[in-house]
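*Asks:* Can you read through this structure? Questions will come right after.
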Amino acid sequence: MLEWLQAEWPQVLGFVTGAVCVWLAGRRNVWNYPIGIANNVVLFVVFIGAGLYATAVLQVVYLLMGVHGWWRWTHGAEQSRTYVVHTPRRAWPWLALAAIAGAAVLVWVLTTFTDSQVAIPDAATTAASLVAQYMLNRKWIENWFVWIGVDIAFVGLSIVAGLWVIAALYALFIGLCVIGYRSWRRVAGTDRDSAATGATSAPARA
């Protein structure tokens with residue numbers, strides 16, 4: 002067991018920091034960002050070693066987006082623990098376009114400049130992850146649906162790459178995402194009920 006931990010400690014550290022990060026995000030706790038940044042550094046090393054280059058670069062982008070999200074959750078409307086909103090309808094076409102365009106660019110980069118054997122799934126999950134992270138930064142509740150789809154894909158991708166601990170981490174992420182969604186939905190429902198009650202009890206204006 003000790004020898005296994007010595008050999009796989011980066012994956013184990015990535016498992017722990019990743020699980021804590023998603024758990025905190027589900028609780029709308031801003032500390033998910035600094036812990037998530039630490040997780041990005043660890044997983045960058047893990048994925049480079051496994052030849053998942055797009056996923057490794059994704060960790061760098063995650064880090065930058067983590068800084069962005071950290072700022073929004075401490076300075077913007079998102080800083081309120083009870084602030085949760087649905088994704089605007091007008092945003093969905095742009096999110097889909099960003100994911101498709103990002104995946105296409107990454108496939109070209111991977112097939113042209115690397116020896117990646119999983120270019121298409123690596124690129125697709127990377128692009129979708131960036132969309133999900135942007136939605137999380139804005140506290141759009143549907144980010145959890147995107148994350149669940151991404152995590153399911155990452156379980157398979159990690160197994161193919163032989164990263165069994167990381168595969169288990171993404172499997173855990175799926176459960177944490179379900180919990181996070183239910184928590185955010187409760188908050189959104191509470192806010193709607195409060196707003197409705199306030200509207201009903203407000204005095205009529207002449």
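All residue numbers for the sequence shown refer to the numbering used here, where the first residue is 2 and numbers rise by one. Beta carbons: idealized from backbone N, C-alpha and C, even for Gly. In this text the structure is predicted, and so the values were computed from the model without any measurement.
Taking C-beta to C-beta, are L64 and I38 nearer than 8 angstroms?
*Replies:* Stepping through the sequence shown from its first residue, residue 64 is reached at position 63. Stepping through the sequence shown from its first residue, residue 38 is reached at position 37. Their beta carbons are under 8 angstroms apart, which means L64 touches I38 by this criterion.
*Asks:* Report all residues from its chain with a CB closer than 6 angstroms to the CB of R29; omit the five preceding and five following residues, and keep chain order.
*Replies:* Position 28 of the sequence shown, counting from 1, holds the residue named residue 29. Cβ neighbours of R29 beyond the five flanking positions: R82.
*Asks:* Quick one: Cα of A168 to Cα of A125, how far?
*Replies:* Within the sequence shown, numbered from 1, the residue matching residue 168 stands at position 167. Within the sequence shown, numbered from 1, the residue matching residue 125 stands at position 124. If I take the Cα positions, the gap works out to 17 angstroms.
*Asks:* Can you tell me which of the three DSSP states V85 falls into?
*Replies:* Taking the sequence shown and counting its residues from 1, one reaches residue 85 at position 84. Correct three-state label for V85: coil.
*Asks:* By the DSSP assignment, the alpha helix (DSSP H) with N41 in it spans what residues?
*Replies:* Locating residue 41 in the sequence shown gives position 40, where the first residue counts as 1. N33 to A51 is the span of the alpha helix (DSSP H), which, as asked, contains N41.
*Asks:* Using 8 angstroms as the threshold, is the stretch 141-154 in touch with the stretch 175-185, meaning 3 or more CB pairs across them?
*Replies:* A contact exists between the stretch 141-154 and the stretch 175-185.
*Asks:* How many whole angstroms separate the CB atoms of G70 and N138, which I take to be in contact at a CB cut-off of 8 angstroms?
*Replies:* The residue you call residue 70 lines up with position 69 of the sequence shown. The residue you call residue 138 lines up with position 137 of the sequence shown. Correct: roughly 4 angstroms between the Cβ atoms.
*Asks:* In whole angstroms, give me the CA-to-CA distance for T75 and A133.
*Replies:* Here residue 75 refers to the residue found at position 74 when the sequence shown is read from its first residue. Here residue 133 refers to the residue found at position 132 when the sequence shown is read from its first residue. Approximately 19 angstroms, taken between the alpha carbons.
*Asks:* Output the distance between the C-alpha atoms of S117 and Q12, rounded to the nearest integer angstrom.
*Replies:* Here residue 117 corresponds to residue number 116 of the sequence shown, with the count starting at 1. Here residue 12 corresponds to residue number 11 of the sequence shown, with the count starting at 1. So the alpha carbons of these two residues sit roughly 21 angstroms apart.
*Asks:* Return the first residue and the last residue of the alpha helix (DSSP H) that D116 is part of.
*Replies:* As a first step, residue 116 is located in the sequence shown; it is residue number 115 there, counting from the start. Segment: none, D116 is in no alpha helix (DSSP H) and carries neither H nor E.
*Asks:* Excluding the five sequence neighbours on either side, which residues of its own chain have a C-beta within less than 6 angstroms of the C-beta of G19, listed in chain order?
*Replies:* On the sequence shown, residue 19 is found 18 positions in, with the first residue counted as 1. Only N40 and L170 meet the Cβ criterion.
*Asks:* So, for V156: in the same chain, excluding its five sequence neighbours on each side, which residues have a beta-carbon less than 6 angstroms away from its beta-carbon?
*Replies:* Within the sequence shown, the letter at position 155 stands for residue 156. Excluding positions up to five away in sequence, the list reads A168, Y171 and A172.
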